[in-house]
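Asker: If you use our numbering, the sequence shown corresponds to residues 88 to 582, in order. Ideal Cβ placement from N, Cα and C applies to all residues, glycine included. Keep in mind that this is a model prediction, so the values were computed, not measured. Let me give you the structure first, and then I'll get to my questions.
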Amino acid sequence: MEDVGRWRRLCLAASTGSHAAVRSLFTELRTVDEHGSVEDRKAALDELVRAAPRIWLDLDRYARSPHGVTGAHPTDDSDPLHLVLASFDRDGRIRQAAVERLARRSGRYVASALALRTDDWVPAVRERAVTALLGHVAPDEAAAAVRLLARLDRRRRAAGVLESYRAALSVPERRRTVRRLAAESDPHARRFGVELALELGEYVRGDLARTALHDRDQVCRTLCAARLLELDPDQAGRLMWARSAAVRELAVAALPDDVPSARLVGPLADRSRMVRAQARWKLYKRGEPPVDVYRRQLRRCGRATQPRLVAGLAAGLGECGDSSDLPMLQVLAADTTWAPVARRAAVRALGRLAQPPERVAVLAPLVGDVSPSVARETLDVLAAAECATPQALAAGLARPETPVWKAALRAARTLAHWDRLEFVLRAAADPRPPVAERARAESRRWTHARWPGGAADPAQLRLIGGLLRQASLPEPDRAGVEWVLRSAARVSRLP
């Protein structure tokens, strides 16, 4: 067990892509191959097979470097680990001999090593590896091979190998292998298996529904949902409850064009923007303005309505409404009896619909809202619209909630150049250490921002100079700000 833990730690470190960790793993593998016990060599190979596929690619790359070591020529009775390491060798003759001997064996390590050599730079090695790999299609071997082939498929030398392997698995005798691939934990192998299973008709409708609703991989959920709806469009109602937004979007698209508006209320208020857009398209196609549905449904909402439904309706109204909807959204955003999730959605909708001149007047009062999440959302919306004012940001910075004052400092990046520096220096003198520290980091970011040039207001420059003396910036940061101030003063012809 101690050996297993050691190899697991080595493989885990190498999976990060660190060159030093890959070198350490390669060195340890060579050492155990030459001097290790049978048990230790087996433990090393087992962990290598279980490790992330990129480790095989990184080991192969390292072995080709000048640091790679040319090993002994493999023989028919060579240890499996020795054959794998020989397949990495810089000498093409050794790699070819390793491929020929691996071809006569079976197991996941064989499939991984052969799959890697299908990208070999020597044609003879590459051709033998492809031919041998197509004969290794057992469930475990296919899982190991596809994990690597999927990552090599875009390389010029390995182009087409994955399709050839797919063809080898497309015969009825390989159904068990395909089902195993569709249940793999590796996302590349899993998607390959699901696509092939769908192509071969391996899924019944119940399997398709379960995968579309509950599979852990987004691509697999979408593939199975699309096939299920192709076979049975009536399943759309069931799939509209899926966790995946992509599946819900497909389900809405599969609804009949004459679906009643009442049935579209849920999709119109979905938490996903693309599902809402798909539901609106259903109404647009038959000439019904979705904005009328949003307005009508929002007016019907009460305090007992599900907050998520209210939030979705407000978000949708912000996507297709106009300035006439501002009063209703303002009431929703400002009324503290509504749930914060609904009020945040109303704030975002206000940011979309309010015209630039009135956006600050509509949103700025909400920076002082009793709900920190609403205040933070307001600051983010002001920043996204690039209409934040120093006064609104100062109100956000003064709040005690960490997410709110952080949002104020982020939003300060959208201020005019000198206003931003003035705000940041005021924040750097804040008595709260976390606020001051974050503000000092923002001042450092400001010094790297592009100076717009031109004359600056002399009074503001003098004010900034005084704030700089109170801000307690680190010496390098203070020097950087002073240099910009001196440059601005020269341009502005200050005494």
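Leaving out five residues on either side along the sequence, give the residues of the same chain with a beta carbon under 6 Å from the beta carbon of Cys388.
Answerer: Val397
Asker: Ordered along the chain, which non-local residues of its own chain (more than five positions away) have a Cβ less than 6 Å from that of Val306?
Answerer: Arg278
Asker: Answer with buried or exposed for Asp321, where buried requires no fewer than 16 other C-beta atoms within 10 angstroms of its C-beta.
Answerer: exposed
Asker: If we count the other Cβ atoms within 10 Å of its Cβ and call it buried at 16 or more, is Ala503 buried or exposed?
Answerer: Exposed, by the Cβ-count rule.
Asker: Buried or exposed for Ser331, going by 16 or more other Cβ atoms inside 10 Å?
Answerer: buried
Asker: Which residues mark the beginning and the end of the alpha helix (DSSP H) in which Ser111 is found?
Answerer: Here the alpha helix (DSSP H) through Ser111 covers His106 to His122.
Asker: Output the residue ranges of the alpha helix (DSSP H) runs that lie fully inside the region 455-532 and measure 4 residues or longer, sorted by chain position.
Answerer: 459-471, 477-484, 489-498 and 504-515
Asker: Is it right to say Glu260 is buried, meaning 16 or more other beta carbons lie within 10 angstroms of its own, or is it exposed?
Answerer: So Glu260 ends up on the exposed side.
Asker: What residue range is occupied by the uninterrupted alpha helix (DSSP H) comprising Glu286?
Answerer: Pro274 to Leu287
Asker: Does the count of Cβ pairs from the region 376-383 and the region 351-358 closer than 8 Å reach three?
Answerer: yes
Asker: Under 8 Å, do Glu529 and Ala499 count as touching if we go by C-beta distance?
Answerer: yes
Asker: Indicate the three-state DSSP secondary structure (helix, strand or coil) for Arg177 in the structure shown.
Answerer: coil
Asker: For Arg242, does the count of other Cβ atoms within 10 angstroms reach 16, so buried, or fall short, so exposed?
Answerer: exposed
Asker: If we ignore side chains and look at the alpha-carbon of each, how far apart do Gly405 and Arg431 end up?
Answerer: 12 Å
Asker: Could you check the C-alpha separation between Gly590 and Ala429 for me, to the nearest Å?
Answerer: Nothing can be reported for residue 590: it is not among the residues displayed for the chain, which extend from 88 to 582.
Asker: Is any beta-carbon of chain D found at less than 8 Å from that of Arg262?
Answerer: In the structure shown, chain D does not exist; there is a single protein chain.
Asker: Skipping 5 residues on each side, what residues in its chain have a beta carbon closer than 6 Å to that of Ala516?
Answerer: Gln557 and Ala558
Asker: Measuring CA to CA, which of Val209, Ala216 and Val265 is closest to Val197?
Answerer: When C-alpha distances from Val197 are compared across Val209, Ala216 and Val265, the shortest belongs to Ala216.
Asker: Sorted by chain position, which residues of the same chain lie with C-beta nearer than 7 Å to Ser574's C-beta, five sequence neighbours on each side aside?
Answerer: none
Asker: Report back the beta-carbon spacing between Lys369 and Val339 to the nearest angstrom; my notes put them in contact at under 8 Å.
Answerer: 7 Å
Asker: Nearest to Val434 by alpha carbon, out of Pro443, Val457, Ala402 and Ser410?
Answerer: Ala402
Asker: Do three or more CB pairs link the region 249-265 to the region 223-241 at distances below 8 Å?
Answerer: yes
Asker: What do you reckon, are the CB atoms on Arg182 and Val212 nearer than 8 Å?
Answerer: yes
Asker: Span of the alpha helix (DSSP H) holding Thr298?
Answerer: Arg292 to His301
Asker: Can at least three beta-carbon pairs, one atom from the region 484-499 and one from the region 456-473, be found at a separation below 8 Å?
Answerer: yes
Asker: Measure the alpha-carbon distance for Thr392 versus Arg350 and round it to whole angstroms.
Answerer: A straight line joining the alpha-carbon of Thr392 with that of Arg350 spans about 17 Å.
Asker: Rounding to the nearest angstrom, what Cα-Cα distance links Glu509 and Trp533 in this structure?
Answerer: Put simply, the backbone Cα of Glu509 is about 11 Å away from that of Trp533.
Asker: Report the rounded CA-to-CA distance for Leu200 versus Ala225, giving the unit in angstroms.
Answerer: Reading the sequence as shown, one finds Ala at residue 200 and not Leu. Distance from the CA of Ala200 to the CA of Ala225, rounded to the nearest whole angstrom, comes to 15 Å.
Asker: Name the residue from Pro452, Gly293, Ser152 and Leu572 whose alpha carbon lies nearest to the alpha carbon of Asp319.
Answerer: Gly293
Asker: Within this structure, are the beta carbons of Trp492 and Gln547 separated by less than 8 Å?
Answerer: no
Asker: For a minimum of 3 consecutive residues, which ranges assigned as the beta strand (DSSP E) are wholly contained in the region 199-248?
Answerer: none
Asker: By Cβ distance below 6 Å, which residues in the same chain neighbour Arg439 in space, the five residues on each side in sequence not counted?
Answerer: Gly405
Asker: Taking Asp273 as the reference, give the member of Ser257, Val248, Asp304 and Leu221 with the closest Cα.
Answerer: Asp304
Asker: Alpha carbon to alpha carbon, what distance is there between Ala364 and Pro343?
Answerer: 16 Å
Asker: With distance defined between alpha-carbon atoms, name the residue in Val171, Val136, Asp178 and Ala448 nearest to Asp227.
Answerer: Val136
Asker: To test your reading of the DSSP string, which unbroken alpha helix (DSSP H) runs of 4 or more residues are found completely within the region 537-566?
Answerer: 545-557
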